[in-house]
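Only one structure is covered here, and it is reproduced in the block below.
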Amino acid sequence: MTRVLVTGGSGFIGRHVVRALLADGHDVVVADRDEHPDVPTVVGELEDAGVRDRAVTEDVGVVVHLAAETSVLGSVERPVKVHSVNVDVTAALLELARQRGVEAFVMASTNAVVGGYDGTFTESVPLRPLTPYGATKAAAEMLLSGYAGAYGLRAPVLRLTNVYGPGMKAKDSFVPRMLKAAARDEGVQVYGDGLQRRDLVHVHDVARAFALAVSPSWPGGPSIIGSGSSVTVLDMLEAARAASGRAIAAEHVPAKAGEMPAVVVDIARARSLGWAPEVSLTEGMATAWDDLSTRV
Ligand SMILES: NC(=O)c1ccc[n+]([C@@H]2O[C@H](COP(=O)([O-])OP(=O)(O)OC[C@H]3O[C@@H](n4cnc5c(N)ncnc54)[C@H](O)[C@@H]3O)[C@@H](O)[C@H]2O)c1
Numbered sequence: 070m071t072r073v074l075v076t077g078g079s080g081f082i083g084r085h086v087v088r089a090l091l092a093d094g095h096d097v098v099v100a101d102r103d104e105h106p107d108v109p110t111v112v113g114e115l116e117d118a119g120v121r122d123r124a125v126t127e128d129v130g131v132v133v134h135l136a137a138e139t140s141v142l143g144s145v146e147r148p149v150k151v152h153s154v155n156v157d158v159t160a161a162l163l164e165l166a167r168q169r170g171v172e173a174f175v176m177a178s179t180n181a182v183v184g185g186y187d188g189t190f191t192e193s194v195p196l197r198p199l200t201p202y203g204a205t206k207a208a209a210e211m212l213l214s215g216y217a218g219a220y221g222l223r224a225p226v227l228r229l230t231n232v233y234g235p236g237m238k239a240k241d242s243f244v245p246r247m248l249k250a251a252a253r254d255e256g257v258q259v260y261g262d263g264l265q266r267r268d269l270v271h272v273h274d275v276a277r278a279f280a281l282a283v284s285p286s287w288p289g290g291p292s293i294i295g296s297g298s299s300v301t302v303l304d305m306l307e308a309a310r311a312a313s314g315r316a317i318a319a320e321h322v323p324a325k326a327g328e329m330p331a332v333v334v335d336i337a338r339a340r341s342l343g344w345a346p347e348v349s350l351t352e353g354m355a356t357a358w359d360d361l362s363t364r365v
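Be aware that the sequence shown starts at 70, since it is given in the numbering used here, and climbs by one per residue.
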């Protein structure tokens, strides 16, 4: 049993990760702005050195670092804030991890580190992020790499695609937008023709990936965590209609500048490490609808 600190453990993905770690028998603590309902929480801003100091105690074996400014659009509006949380806080936590003998530091990253790329994303595609969000996650990945190289810290990075599932009420990505519209018998805006391809991965599968990455056999460096089979925005809408039984009319509006035509990822590395996605889009959308329809 390892003591695992989960930063951002009260968030959407964090709550599922905490549950998966508890199920594996770990001793879990959370550091977050918001108190976690089930596990001890260091409540506060991780930009505050005192909060970090109380979070990374000498008995922490592994840090799972999820706390971040997660909005891509928000990062375009507030690049300095995003740098402070996503880079400076990560650097400070890594340094505490080094000083306090933490064995591993696992971080949530994103395929937005790759930026505009036409081919299938693998872990070896060069990083050319196109937004402050992507840039700060790429910078944080590099910090982990440096600490791994210099101090032998095991530093796995999980590059998540679009995560969906129960617990998304506060989110504004396309899946919750569709399902909230369904609950209100409204329609949704679809950018362009809706044939853009995206990779959706269920939060249950993501949580299992973090639980695996905590174990000593998972190596450092990046691994892409996605479904490995991309779907169009119109396919997502069909799945939401099937799950909700609602019409969810589509209003096609002009595509946003810079929107990627396709995100297609290769998950061979994660598969080779013993992880595989289990939840289909049909099943997954049903879990998201069951959760959201009772909360809207
Ligand atoms: N949701 C996705 O589709 C997705 C995709 C790729 C990567 N990620 C990454 O996964 C991680 C978790 O994302 P999420 O969707 O669960 O986000 P979320 O916003 O639901 O959760 C983030 C949590 O971190 C906490 N937090 C953020 N900044 C903090 C700070 N300065 N001090 C203290 N607490 C702070 C928030 O209170 C929140 O509970 C993030 O690092 C995000 O970049 C998410």
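Every residue, glycine too, gets a C-beta built ideally from N, C-alpha and C.
- With contacts defined by Cβ atoms closer than 9 Å, A100 and G77 form a contacting pair.
- The beta strand (DSSP E) runs of length 3 or more contained entirely in the stretch 179–209 do not exist; there are none.
- For a cut-off of 8 Å, the C-beta gap from R267 to S299 is around 6 Å, short enough to register as a contact.
- At a cut-off of 8 Å, the beta-carbon of A100 counts as near ligand 1: some heavy atom of the ligand is closer than that.
- When the Cα atoms are used, D241 and V112 turn out to be separated by approximately 24 Å.
- Apart from sequence neighbours up to five positions away, the residues of its chain that approach V151 with a beta-carbon distance below 8 Å are E138, G143, S144, P201, Y202 and T205, ordered along the chain.
- Between F279 and L90, the C-beta spacing is below 9 Å.
- The closest heavy atom of ligand 1 lies less than 8 Å from the beta carbon of K240.
- Cβ-Cβ distances below 6 Å link V141 to T200 and Y202 in the same chain, with the five nearest sequence neighbours on each side left out; the list follows chain order.
- Residue pairing of M176 in beta bridges, as defined by DSSP: H134 and V226.
- For T76, the enclosing beta strand (DSSP E) begins and ends at R72 to T76.
- Counting along the chain, I317 sits inside no beta strand (DSSP E), nor does DSSP assign it H or E at all.
- Counting along the chain, D96 sits inside the beta strand (DSSP E) bounded by residues D96 to D101.
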